[in-house]
Amino acid sequence: MTTESEPCQESSVKKFIKYFYQGNLNFSLLPEDVEKMDWNWQQEFLDATVNSKLLKEYPISGKFASLFLKKIIQHLERNQEVHDEFYEHLCTSMNNVDKDGFSYRHYLIDNDINNAITIKETKNMVVNGTTGLKTWEAALMLSDWALCNKNIFSNKNVLELGSGVGFTGISISKYCNAKSMMLTDCHDDVLKTISDNIHINFPQLQKEEENNITWFKDQDKSLGIMPLDWNAIDDLPEDLVPDVLIGADIVYDPSILQPLANVIQTFCLRNKKLEVYIASVIRNEDTFNGFLKTLGEMDLHYETIELPKCVHIEWNQSINRSLLKIYSKLK
Ligand SMILES: C[S@@+](CC[C@H](N)C(=O)[O-])C[C@H]1O[C@@H](n2cnc3c(N)ncnc32)[C@H](O)[C@@H]1O
């Protein structure tokens, strides 16, 4: 990954391209940065961002794009000739209102603009009573760890609990060679958005409806979407027997800790070799410890996996975080 201190012009452009894709407005523009932002720098930045085919097809938030471009233009105007297209894109972005609150984010893998996962999502933490319509930090963290540990998922049937917009399930399916990936959630708007996001990232797959499951398939890949409410485990189809169970940012509400532990236990009873990986941002220690206590009461073991740094995907390393591996004591 590029570091901020690299001196050449190419890395200066890459640094700002990275900020743009990260949705980061908190960058500082030092005089030495602005000095490098000549016409070629500006053209390279525009081509990799707002001029790119990806962004034309799937535009990012107009509000963010206009704030970002405005900040760059303000600094450029004092020291450089400003590329006309900066002003054109600023006008377009200012008029670009997010449709129904949704826009697209492009999460770069290894900071490569040709290797992105595109996610339709909102900026809001809660929409229509669900937290599932944006990508949370734990989803990025779990995906990054999975990309470093592909063997755990390779050729396995993976099921994700509380998938939200689907970043983790999509990234594991795309990069870790899972045999099948079942993304689940309890909210209708969330399930619909997962479907849109699978289609965006795997346009080649055929969509098929089967019972309560929407499948996206070809010879090599298989992703499914199904409703799964942790409060209704009696409804779980009996033939649903994953090898690996995952979840990102699903330990946050004291009222769902027991139902969540019940689902994990149910799948552990179905497959004694099941491996469970739950990534969390610990916002409230009592809630998180309540989950650990509930696991203990349900005869479920856990161990903590260290997550020292970002490798393939950027996530906020200042967060209080946890990655648990959970398994049944009945092994
Ligand atoms: C904070 S979001 C995390 C979404 C996603 N995993 C991520 O990290 O970006 C929590 C998710 O859990 C889902 N959820 C909450 N309660 C649930 C329940 N009882 N059954 C199934 N899913 C639930 C929500 O709909 C939401 O998508």
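Take the sequence shown: its position 167, counting from 1, is numbered 166 in numbering that gives the first Met the number 0, and each next residue is one higher.
Every residue, glycine too, gets a C-beta built ideally from N, C-alpha and C.
>> I'd like the span of the beta strand (DSSP E) that includes residue 120, first residue to last.
In response: In the sequence shown, the residue the question calls residue 120 occupies position 121. Residue range 111 to 121 is occupied by the beta strand (DSSP E) that includes residue 120.
> Which of helix, strand or coil does DSSP assign to residue 287?
Replying inline: Indexing the sequence shown from 1 puts residue 287 at position 288. Residue state, collapsed to three classes: helix.
> At which residues does the beta strand (DSSP E) containing residue 226 begin and terminate?
Replying inline: By 1-based counting over the sequence shown, the position of residue 226 is 227. 221 to 226 is the extent of the beta strand (DSSP E) around residue 226.
>> DSSP has residue 332 in a bridge; who is on the other side?
In response: Residue 332 lies beyond the stretch modelled for the chain, which goes from 0 to 330, so this question has no answer here.
> So the beta strand (DSSP E) residue 180 belongs to, where does it begin and stop?
Replying inline: Here residue 180 refers to the residue found at position 181 of the sequence shown. Run containing residue 180: 179 to 184, per the beta strand (DSSP E) assignment.
>> ligand 1 and residue 125: does any heavy atom of the ligand fall closer than 7 angstroms to the residue's C-beta?
In response: Counted from its first residue, the sequence shown places residue 125 at position 126. At a cut-off of 7 angstroms, the beta-carbon of residue 125 does not count as near ligand 1: no heavy atom of the ligand is closer than that.
> According to DSSP, is residue 174 helix, strand or coil?
Replying inline: Start at 1 with the first residue of the sequence shown, and residue 174 comes out as number 175. Helix at residue 174.
>> When you compare the CB positions of residue 137 and residue 243, do they come within less than 8 angstroms of one another, or not?
In response: Indexing the sequence shown from 1 puts residue 137 at position 138. Indexing the sequence shown from 1 puts residue 243 at position 244. It is not a contact, given that the beta carbons lie outside the stated cut-off.
> Is the CB-CB distance between residue 39 and residue 118 below 8 angstroms?
Replying inline: Within the sequence shown, residue 39 is the residue found at index 40, counting from 1. Within the sequence shown, residue 118 is the residue found at index 119, counting from 1. Annotated as distal: residue 39 and residue 118, with beta-carbon spacing of 8 angstroms or more.
>> Let me check understanding here. Comparing Cα to Cα, which of 86, 121 and 83 lies closest to residue 96?
In response: Against the sequence shown, residue 96 aligns to sequence position 97. Distance check between residue 96 and each of 86, 121 and 83 places 121 closest, using alpha-carbon atoms only.
>> Just to confirm my understanding: we take residue 6, look at its own chain, exclude 5 residues before and 5 after, and list those with CB closer than 7 angstroms. What are they?
In response: Mapped onto the sequence shown, residue 6 falls at position 7. Low confidence applies to residue 6: its pLDDT is 42, below 50, so where it sits in the model is not reliable enough to give any reading.
> Using CA coordinates, which residue listed in 188, 166, 155 and 234 is at the minimum distance from residue 275?
Replying inline: By 1-based counting over the sequence shown, the position of residue 275 is 276. The shortest Cα separation from residue 275 among 188, 166, 155 and 234 belongs to 155.
>> Given the structure, does residue 229 come close to ligand 1, in the sense that its CB is under 7 angstroms from one of the ligand's heavy atoms?
In response: In the sequence shown, the residue the question calls residue 229 occupies position 230. Taking 7 angstroms as the cut-off, one finds at least one heavy atom of ligand 1 near enough to the beta carbon of residue 229.
>> Rounded to the nearest angstrom, what separates residue 4 and residue 110 at their Cα positions?
In response: Here residue 4 is taken as the residue at index 5 of the sequence shown, counted from 1. Here residue 110 is taken as the residue at index 111 of the sequence shown, counted from 1. Annotation note: pLDDT 41 at residue 4 (below 50); position unreliable, coordinate value reported separately. Across the structure, residue 4 and residue 110 are spaced so that their CA atoms are roughly 16 angstroms apart.
> Can you round the beta-carbon distance between residue 41 and residue 82 to whole angstroms, since I take them to be within the 8 angstroms contact cut?
Replying inline: Taking the first residue of the sequence shown as position 1, residue 41 is located at position 42. Taking the first residue of the sequence shown as position 1, residue 82 is located at position 83. About 4 angstroms; that satisfies the 8 angstroms criterion.
>> Once the 5 residues before and after residue 252 are set aside, which same chain residues still bring their CB inside 8 angstroms of it?
In response: The count along the sequence shown starts at 1 and reaches residue 252 at position 253. Its chain contains 286 as the residues whose beta carbon lies nearer than 8 angstroms to that of residue 252, once the 5 sequence neighbours on both sides are disregarded; these appear in chain order.
> Does DSSP classify residue 44 as helix, strand or coil?
Replying inline: Translated into positions along the sequence shown, residue 44 becomes position 45. Three-state result, residue 44: helix.
> ligand 1 heavy atoms versus the CB of residue 138: any closer than 7 angstroms?
Replying inline: Counting from 1 along the sequence shown, the entry for residue 138 is found at position 139. With a cut-off of 7 angstroms, the C-beta of residue 138 is classified as near ligand 1, since at least one heavy atom of the ligand falls inside that distance.
> Beta-carbon separation of residue 293 and residue 257 under 8 angstroms?
Replying inline: Residue 293 sits at position 294 when you count from the first residue of the sequence shown. Residue 257 sits at position 258 when you count from the first residue of the sequence shown. Contact flag set, yes.
>> Just verifying my parser: in three-state terms, what is the DSSP assignment at residue 201?
In response: Within the sequence shown, the letter at position 202 stands for residue 201. If DSSP states are grouped into helix, strand and coil, residue 201 belongs with coil.
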